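Peer 1: Take any residue in the sequence shown, note its place counting from 1, add 33, and you have its number in the working numbering.
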Amino acid sequence: MVKDGSKHIQSLRDGRQIFIDGRLVADHTEHPAFRNAVASAASLFDYQAQPQNLEKMTFASPTSGERVSRMWQLPTSLAELVERRRALESWAELTCGMLGRSPDHVASCISGMYMGLDLFERHSAQRASAVREYFEYARDRDLYLTYVIISPQADRGKDASQQSDEYLVAGVCDEDREGITIRGAKMLGTSCPLANEVFVGAIQPLKPGEEKYSFTAMVPLNAKGLKILSRKSFEEHAVSQFDSPLTSAFDENDAVLYFDEVKVPWERVFVHDDVQLAQAQWHGIPTHAYQNYQCQIRLMVKLRFLLGLAKKIADTNGIGNFPQVRETLGQLAAETAMVEGMVVGMEASGYHYGKYFVPNTALLYSAMVLTQQLYPRFVTTLRELSGGGMIMLPSSIDDFTNPEIARYIGLTQRSPATDSVGRVKLFKLAWDAVGSEFGSRHLQYEMFYAGANMVTRGHAFRTCDWARAVGLVDNLMSRYELPQAEPQKIT
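1) Quick one: is PRO238 near chain D, going by C-beta distance under 8 Å?
2) Can you say whether ILE215 is buried or exposed, counting buried as having 16 or more other CB atoms within 10 angstroms of its CB?
3) If I measure Cβ to Cβ from HIS61 and keep anything under 6 Å in the same chain, skipping five residues before and after, which residues do I get?
4) From VAL308, GLY55, TYR167, pick the residue whose C-alpha is nearest to that of LYS240; which is it?
5) Quick one: grab the DSSP three-state call for PHE168.
6) So the candidates are ILE424, GLY387, GLY217; which of them puts its Cα closest to the Cα of SER110?
7) Which residue's Cα is closest to the Cα of ASP498: LEU476, TYR398, PHE481, THR404?
8) Within the same chain, show all residues whose beta-carbon is closer than 7 Å to that of PRO238, passing over the 5 residues directly before and after it, in chain order.
9) Less than 8 Å between the beta carbons of CYS129 and VAL391, yes or no?
10) Would you give the residue range spanned by the alpha helix (DSSP H) that TYR246 belongs to?
11) With C-beta atoms as the reference, is GLN400 less than 8 Å away from VAL372?
12) For the candidate residues ARG160, MET423, ARG46, whose alpha-carbon lies nearest to that of LEU310?
13) Going along the chain, which unbroken runs of the beta strand (DSSP E) with 3 or more residues stay wholly within the region 34-104?
14) Starting from the C-beta of SER76, find all residues in its chain whose C-beta is less than 8 Å away, skip the five residues before and the five after it, and write them out in chain order.
15) When we look at the beta-carbon of PHE153 and count the other beta-carbons within 10 Å, is it buried (16 or more) or exposed?
16) With DSSP run on the structure shown, which of helix, strand or coil describes SER266?
17) Taking the Cβ atom as the reference point for each residue, do ASP276 and SER429 lie within a distance shorter than 8 Å?
18) Exposed or buried, what is ASN435 when buried is set at 16 or more other beta-carbons lying within 10 Å of its beta-carbon?
19) Counting only the same chain and skipping the five closest in sequence on each side, list residues whose C-beta sits under 7 Å from that of ILE352.
20) Nearest by alpha-carbon distance to ALA70: which of SER162, GLN85, ARG174, ALA271 is it?
21) Is the region 164-172 touching the region 195-208 in the sense that three or more CB pairs, one from each, lie closer than 8 Å?
22) Should the region 104-123 be regarded as contacting the region 137-152, the criterion being three or more beta carbon pairs within less than 8 Å?
23) Can you list, in chain order, the residues of its chain with a C-beta nearer than 7 Å to that of ALA322? Leave out the 5 residues immediately preceding and following it.
24) Mind checking who LEU178 pairs with in its DSSP beta bridge?
25) What's the gap between the Cα of GLY504 and the Cα of GLU99?
26) In its own chain, which residues sit with a C-beta less than 6 Å from the C-beta of LEU132, not counting the 5 before and 5 after it?
27) Taking the alpha-carbon of GLY48 as reference, which of ASN508, LEU259, ARG501 has the nearest alpha-carbon?
28) Tell me which residues share the same chain as SER448 and place their Cβ nearer than 6 Å to its Cβ, disregarding the 5 neighbours each side in the sequence.
29) Is it right to say LYS191 is buried, meaning 16 or more other beta carbons lie within 10 angstroms of its own, or is it exposed?
30) Are the beta-carbon atoms of ALA483 and GLN405 separated by less than 8 Å?
31) Going along the chain, which unbroken runs of the alpha helix (DSSP H) with 4 or more residues stay wholly within the region 250-306?
32) If I measure Cβ to Cβ from GLN327 and keep anything under 7 Å in the same chain, skipping five residues before and after, which residues do I get?
33) Closest by CA to GLU300, which one among SER273, LEU340, VAL252?
34) Rounded to whole angstroms, what is the Cα-Cα separation between SER224 and ALA250?
35) Buried or exposed: where does PRO65 fall if 16 or more other Cβ atoms within 10 Å of its Cβ makes it buried?
36) Nearest by alpha-carbon distance to VAL304: which of LEU403, VAL295, SER247 is it?
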């Protein structure tokens with residue numbers, strides 16, 4: 034079933050417990066801290082439900098025959114992988130890549146797990162059945178999923194089991210015939226106000242003795258005992274769409290989730306009491322590949338947006354033809370094309386995991402390393418191109434309502450490419466993208482979303498074809514030796 038935006042918003046009115054600014058929110062879909070982001074999420078579902086987009090954005094469910102979102106498609110060929118990517122790319126374009134945990138992200142994780150049912154079968158037929166049934170359940174109901182898969186920061190020199198509170202990190206505190214009970218905290222609950230259910234698990238490696246933390250489960254965000262502790266809302270403090278066009282629309286929010294004795298039935302438990310499977314579910318099957326493939330599609334679009342913003346800033350300032358500026362823009366264009374090329378390359382050189390087609394992981398992890406470096410550079414370059422232009426702006430749209438102030442705005446906000454309103458509009462957008470609280474959060478988000486630098490580079494190291502690279506060196510070195518010295522003549 035493909036739902037539209039109104040049905041998605043209605044599905045979010047479920048009595049979940051979201052806390053912000055010292056209060057429990059009654060209906061977060063109408064609360065000024067969340068309502069615009071909720072509407073932006075709903076617009077994605079509206080887009081895919083439009084008749085002219087059904088073929089691009091949906092496919093027929095193998096079980097019900099109804100149209101379902103392509104975020105749940107399980108490609109068996111390059112053509113199907115590209116078909117799925119084009120749908121995800123279209124969604125990313127609606128938000129300029131600014132909705133970091135859009136519905137297709139965790140759906141991609143669950144899809145990768147479904148592709149790896151053989152792994153779950155080897156560990157437990159019951160857990161494999163849970164993955165299979167949940168995938169079909171979420172797909173056929175067009176659910177928006179998020180996840181919390183890292184531990185809260187406390188004493189980072191100690192493992193989860195060594196903390197002063199054994200349930201600081203969410204763990205299984207009880208179990209019975211009906212299911213498990215979870216107690217403790219997990220983060221980073223991005224998009225919890227926009228999503229229907231949350232995937233709870235651990236992506237950080239666990240060791241023997243930490244079995245209570247080695248679980249993976251799906252939990253409705255309105256589950257009894259689940260507390261959503263929201264960060265400050267940037268959306269709520271945005272004056273207007275004109276002043277903060279990104280903040281006002283795409284502040285997906287982040288949260289710490291506390292599980293206060295949350296009961297989860299066995300049919301929603303994918304991993305239980307299994308340290309090995311808790312790690313293998315990510316890297317032993319296509320889960321991690323599909324998860325981060327979606328990230329790179331979104332980042333490809335986001336960098337394309339920042340590239341366009343850089344070009345408009347240069348043209349608005351009348352510096353677009355300066356040689357040094359053309360060089361800068363050319364560098365950004367080349368780097369954007371690199372990411373696009375790597376996305377296409379990881380598709381074209383993909384491989385089969387069973388019958389499913391998976392992007393090339395060596396190229397995927399290389400792209401992750403590259404984009405972690407590129408995003409901060411793009412932000413810095415936009416600042417350099419803007420100079421004081423993104424700071425010396427009218428205080429708010431109210432300045433335009435005062436004729437005297439509006440006159441002075443017209444006298445001081447000049448451009449060879451647009452009028453004063455157009456210039457202010459562009460630089461308000463630029464500031465929101467790179468200088469506002471929203472922009473700063475995105476910088477931090479993109480620097481660590483795929484993991485710390487050492488983690489992403491470790492993935493690149495792990496998947497590199499070292500034998501091929503070293504073989505070239507060994508082959509060349511085998512062609513020559515140290516010349517034999519001629520015998521010395523004795524005189």
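Each residue gets a CB set at the ideal place from its N, CA and C atoms; glycine is no exception.
Predicted model only: the values in this text are computed from it and were never measured.
Peer 2: Well, looking at it:
1) Among the chains in the structure shown there is no chain D, since it carries only a single protein chain.
2) Sequence index remark: in the sequence shown, residue 215 carries index 182 (1-based). Classification for ILE215: buried.
3) Position 28 of the sequence shown holds residue 61. Correct list, in chain order: ILE51, PHE67, PRO226.
4) Counting from 1 along the sequence shown, the entry for residue 240 is found at position 207. Of the candidates VAL308, GLY55, TYR167, the one whose C-alpha sits nearest the C-alpha of LYS240 is VAL308.
5) In the sequence shown, the residue the question calls residue 168 occupies position 135. Residue state, collapsed to three classes: helix.
6) In the sequence shown, residue 110 corresponds to position 77, counting from 1. Minimum Cα distance to SER110 is reached at GLY387.
7) As a first step, residue 498 is located in the sequence shown; it is residue number 465 there, counting from the start. Out of LEU476, TYR398, PHE481, THR404, TYR398 has the C-alpha closest to the C-alpha of ASP498.
8) Within the sequence shown, residue 238 is the residue found at index 205, counting from 1. Taken in chain order, the residues that qualify are GLN312.
9) Taking the sequence shown and counting its residues from 1, one reaches residue 129 at position 96. Taking the sequence shown and counting its residues from 1, one reaches residue 391 at position 358. Contact: no.
10) The residue you call residue 246 lines up with position 213 of the sequence shown. Membership of TYR246 in any alpha helix (DSSP H) is not indicated, and neither H nor E is assigned to it by DSSP.
11) Position 367 of the sequence shown holds residue 400. Position 339 of the sequence shown holds residue 372. According to the sequence as given, residue 400 is Ala; it is not Gln. Yes, they are a contact pair.
12) The sequence position of residue 310 within the sequence shown is 277, counting from 1. Of the candidates ARG160, MET423, ARG46, the one whose C-alpha sits nearest the C-alpha of LEU310 is ARG160.
13) 50-53, 91-93, 100-102
14) If you number the sequence shown from 1, residue 76 lands on position 43. GLY38, LEU127.
15) The residue you call residue 153 lines up with position 120 of the sequence shown. Buried, by the Cβ-count rule.
16) Counting from one through the sequence shown, the residue named residue 266 turns up at place 233. If DSSP states are grouped into helix, strand and coil, SER266 belongs with coil.
17) As a position in the sequence shown, residue 276 is number 243, starting the count at 1. As a position in the sequence shown, residue 429 is number 396, starting the count at 1. A distance below 8 Å separates the beta carbons of ASP276 and SER429.
18) Here the question's residue 435 lines up with position 402 in the sequence shown. Exposed is the call here.
19) The count along the sequence shown starts at 1 and reaches residue 352 at position 319. So the list reads VAL358, once near-sequence residues are dropped.
20) Looking up residue 70 in the sequence shown gives position 37. It is ALA271.
21) With a cut-off of 8 Å, the region 164-172 and the region 195-208 do not count as touching, because too few Cβ pairs lie within range.
22) yes
23) Within the sequence shown, residue 322 is the residue found at index 289, counting from 1. For ALA322, same chain residues with a beta-carbon under 7 Å away, outside a window of 5 residues either side, are GLY145, VAL391, PRO392, THR394, LEU397 in chain order.
24) Indexing the sequence shown from 1 puts residue 178 at position 145. Answer by DSSP bridge pairing, in chain order: GLU230.
25) Position 471 of the sequence shown holds residue 504. Position 66 of the sequence shown holds residue 99. Each residue's Cα considered, the two are about 51 Å apart.
26) Here residue 132 refers to the residue found at position 99 of the sequence shown. Spatial neighbours of LEU132 in its own chain (CB-CB distance under 6 Å, excluding positions within 5 residues in sequence) are listed in chain order as PHE283, GLU285.
27) Looking up residue 48 in the sequence shown gives position 15. It is LEU259 whose Cα lies nearest to the Cα of GLY48.
28) Reading the sequence shown from its first residue, position 415 is the one you call residue 448. Counting only Cβ-Cβ distances below 6 Å, and skipping sequence neighbours, we find THR349, ARG456.
29) Reading the sequence shown from its first residue, position 158 is the one you call residue 191. Exposed, because fewer than 16 other Cβ atoms sit within 10 Å of the Cβ of LYS191.
30) Residue numbering aside, residue 483 sits at position 450 when the sequence shown is read from its first letter. Residue numbering aside, residue 405 sits at position 372 when the sequence shown is read from its first letter. Closer than 8 Å, so yes.
31) 280-283
32) For the purposes of this step, residue 327 is taken as residue 294 along the sequence shown, with counting starting at 1. Cβ neighbours of GLN327 beyond the five flanking positions: LEU121, ASP137, HIS138, SER141.
33) Taking the first residue of the sequence shown as 1, we reach residue 300 at position 267. Closest in alpha carbon position to GLU300, among SER273, LEU340, VAL252, is VAL252.
34) Here residue 224 is taken as the residue at index 191 of the sequence shown, counted from 1. Here residue 250 is taken as the residue at index 217 of the sequence shown, counted from 1. Going by the C-alpha atoms only, they are around 18 Å apart.
35) The count along the sequence shown starts at 1 and reaches residue 65 at position 32. With fewer than 16 other Cβ atoms from the protein chains shown falling within 10 Å of its own Cβ, PRO65 counts as exposed.
36) Numbered from 1 along the sequence shown, position 271 holds the residue referred to as residue 304. The closest CA to that of VAL304, considering only LEU403, VAL295, SER247, is found on SER247.
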